[in-house]
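In this note's numbering, the protein residues as written are 40 to 347.
Note that beta-carbon positions come from the ideal geometry of N, C-alpha and C, so glycine has one too.
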Amino acid sequence: MSDTVIVTRGLVKEYGRTRALDGLDLEVRSGEVFGFIGPNGAGKSTTIRVLLDLLRPTAGEARVFGVTPAAGGPALRARIGYLPGELALGGRVSAGEHLHHLASLRGGRGRDAIDTLAERFRLDLARPVRALSKGNKQKVGVIQAFMHEPDLLVLDEPTSGLDPLLQHEFMALVREASARGATVFMSSHVLREVETVADRVAVIRDGTTVDVDSVTGLRRRAGQRVSLRFAEPPDADTAAAIEGVEQVRLDDHTLTCLLHGEPDELLKWAARGRVLSWSARDRDLEDLFLDVYRNRGRNGAEAEHDAR
Numbered sequence: 040m041s042d043t044v045i046v047t048r049g050l051v052k053e054y055g056r057t058r059a060l061d062g063l064d065l066e067v068r069s070g071e072v073f074g075f076i077g078p079n080g081a082g083k084s085t086t087i088r089v090l091l092d093l094l095r096p097t098a099g100e101a102r103v104f105g106v107t108p109a110a111g112g113p114a115l116r117a118r119i120g121y122l123p124g125e126l127a128l129g130g131r132v133s134a135g136e137h138l139h140h141l142a143s144l145r146g147g148r149g150r151d152a153i154d155t156l157a158e159r160f161r162l163d164l165a166r167p168v169r170a171l172s173k174g175n176k177q178k179v180g181v182i183q184a185f186m187h188e189p190d191l192l193v194l195d196e197p198t199s200g201l202d203p204l205l206q207h208e209f210m211a212l213v214r215e216a217s218a219r220g221a222t223v224f225m226s227s228h229v230l231r232e233v234e235t236v237a238d239r240v241a242v243i244r245d246g247t248t249v250d251v252d253s254v255t256g257l258r259r260r261a262g263q264r265v266s267l268r269f270a271e272p273p274d275a276d277t278a279a280a281i282e283g284v285e286q287v288r289l290d291d292h293t294l295t296c297l298l299h300g301e302p303d304e305l306l307k308w309a310a311r312g313r314v315l316s317w318s319a320r321d322r323d324l325e326d327l328f329l330d331v332y333r334n335r336g337r338n339g340a341e342a343e344h345d346a347r
């Protein structure tokens with residue numbers, strides 16, 4: 040089996056004059072949990088719909104398990120569990136009847152898991168689908184995506200509508216799927232949930248990939264927020280000149296900064312004065328995500344200015 044499950048090269052999707060995807064490049068490896076993050080409107084759902092052959096690209100290519108989504112047909116779709124971002128469920132059938140019908144369409148695959156998953160997510164299978172709340176409909180969506188143990192899970196904003204306890208249960212389900220060898224492609228604008236389960240993360244903006252790295256690598260690049268309180272006001276300019284130190288601020292006797300890399304030089308500088316207290320907090324992916332967007336916007340503005 041190939042080590043790569045999803046590949047896109049120069050993927051473009053246009054809706055009239057609107058370009059939703061603008062040369063998107065992605066590579067998702069077999070067995071990994073891949074976070075696909077960006078704000079609403081960045082192109083996440085459009086990418087997913089192209090991967091599932093719900094939309095056809097304007098240019099570029101996408102391959103899933105080595106074939107284009109259009110060529111893969113039913114055999115490819117049978118290997119995928121999909122949870123859409125906007126789950127449209129209705130009708131008079133009960134939640135249980137709906138899920139058993141989906142299992143029948145899959146040749147019975149997943150039927151034995153319905154009751155267990157429903158109990159796990161506290162879903163009343165006897166209730167009509169049309170009477171379910173948004174959160175309970177989301178539970179139906181989660182169950183139908185996971186119940187047949189697909190090789191690839193494509194999850195678009197998967198925890199929308201779930202309460203915090205069930206969000207934790209969902210994350211456990213993702214880890215279990217990964218442990219059995221499934222590949223998980225999870226789109227979200229909630230960075231904290233991606234950070235807890237993803238092996239790698241891609242940041243998307245305006246239909247193009249702006250950053251891809253492991254969660255460990257991203258955390259390392261995010262750095263630490265450091266605060267040092269001195270008996271006497273320190274020389275902030277000297278601190279700002281230390282390699283890896285950025286965003287230095289001095290408020291009376293307290294200096295705060297962003298630190299990338301090892302703290303050795305910063306601590307040696309601080310030891311020249313009398314330190315009354317200090318703290319260091321790891322920044323999370325949300326901080327780095329905002330950095331990427333700020334830098335991208337600033338670089339884009341500079342490029343536009345240079346072109347004039």
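Cα separation between residue i and residue j?
i    : j    : result
R231 : G80  : 19 Å
R102 : I45  : 6 Å
L201 : E188 : 21 Å
V223 : S143 : 24 Å
E215 : F209 : 10 Å
D274 : R95  : 59 Å
Q28  : V229 : In the structure displayed, the chain extends from 40 to 347; residue 28 sits before or after that span and is not available.
R131 : R320 : 52 Å
R219 : F328 : 30 Å
E301 : A310 : 16 Å
S133 : V254 : 40 Å
L298 : D252 : 19 Å
L192 : L205 : 18 Å
G174 : I76  : 22 Å
V249 : L65  : 11 Å
I243 : R118 : 26 Å
G74  : P203 : 19 Å
V265 : R88  : 42 Å
R48  : A59  : 15 Å
A280 : R322 : 21 Å
R55  : T97  : In the sequence under discussion, the amino acid at residue 55 is Gly, which differs from the Arg named in the question. Their Cα atoms are separated by approximately 11 Å.
S84  : C296 : 37 Å
G246 : V236 : 24 Å
L305 : L162 : 53 Å
Can you tell me which of the three DSSP states residue i falls into?
i    : result
R102 : strand
M210 : helix
G57  : Residue 57 is actually Thr in this sequence, not Gly. Residue state, collapsed to three classes: strand.
E188 : coil
V193 : strand
S199 : coil
M40  : Because M40 carries a pLDDT of 43, less than 50, the predicted location of this residue cannot be relied on, and the following value inherits that uncertainty. M40 falls in the coil class under three-state DSSP.
R159 : helix
A340 : With a pLDDT of 38 at A340, under the threshold of 50, the modelled position of that residue is not reliable, and the figure given next carries that caveat. A340 falls in the helix class under three-state DSSP.
E125 : coil
V181 : helix
V67  : strand
S84  : helix
V46  : strand
D345 : Unreliable positioning characterises D345 in this predicted model, as indicated by a pLDDT of 36, which lies under 50. The coordinate reading is nonetheless provided below. In this structure, D345 counts as helix in the three-state DSSP scheme.
G120 : strand
S172 : coil
P113 : helix
P108 : helix
State the beta-bridge partners of residue i as determined by DSSP.
i    : result
T8   : There is simply no residue 8 to check, as the chain begins at 40 and stops at 347 in what is shown.
T222 : L191
G74  : M225 and V240
L144 : For L144, which the question treats as bridged, DSSP gives no partner whatsoever.
L91  : Beta-bridge pairing links L91 to no other residue.
K52  : L60
S253 : R239
G135 : G135 is not bridged to any residue.
P167 : S133
With a threshold of 16 other CB atoms inside 10 Å of the CB of residue i, please say whether the residue is buried or exposed.
i    : result
Q183 : buried
V106 : exposed
K52  : buried
G149 : buried
A278 : buried
T155 : exposed
R239 : buried
Y121 : buried
P197 : buried
P108 : buried
S226 : buried
D291 : exposed
K307 : exposed
Consider the C-beta atom of residue i and the heavy atoms of the ligand ATP; say whether any pair is separated by less than 7 Å.
i    : result
L306 : Ligands in the displayed structure: none, and consequently the ligand ATP is not present.
Quick one: complete alpha helix (DSSP H) runs, 4+ long, within the segment 259-338?
As summarised for the segment 259-338, the continuous alpha helix (DSSP H) elements at least 4 residues long and confined to that stretch are 275-279 and 303-309, given in chain order.
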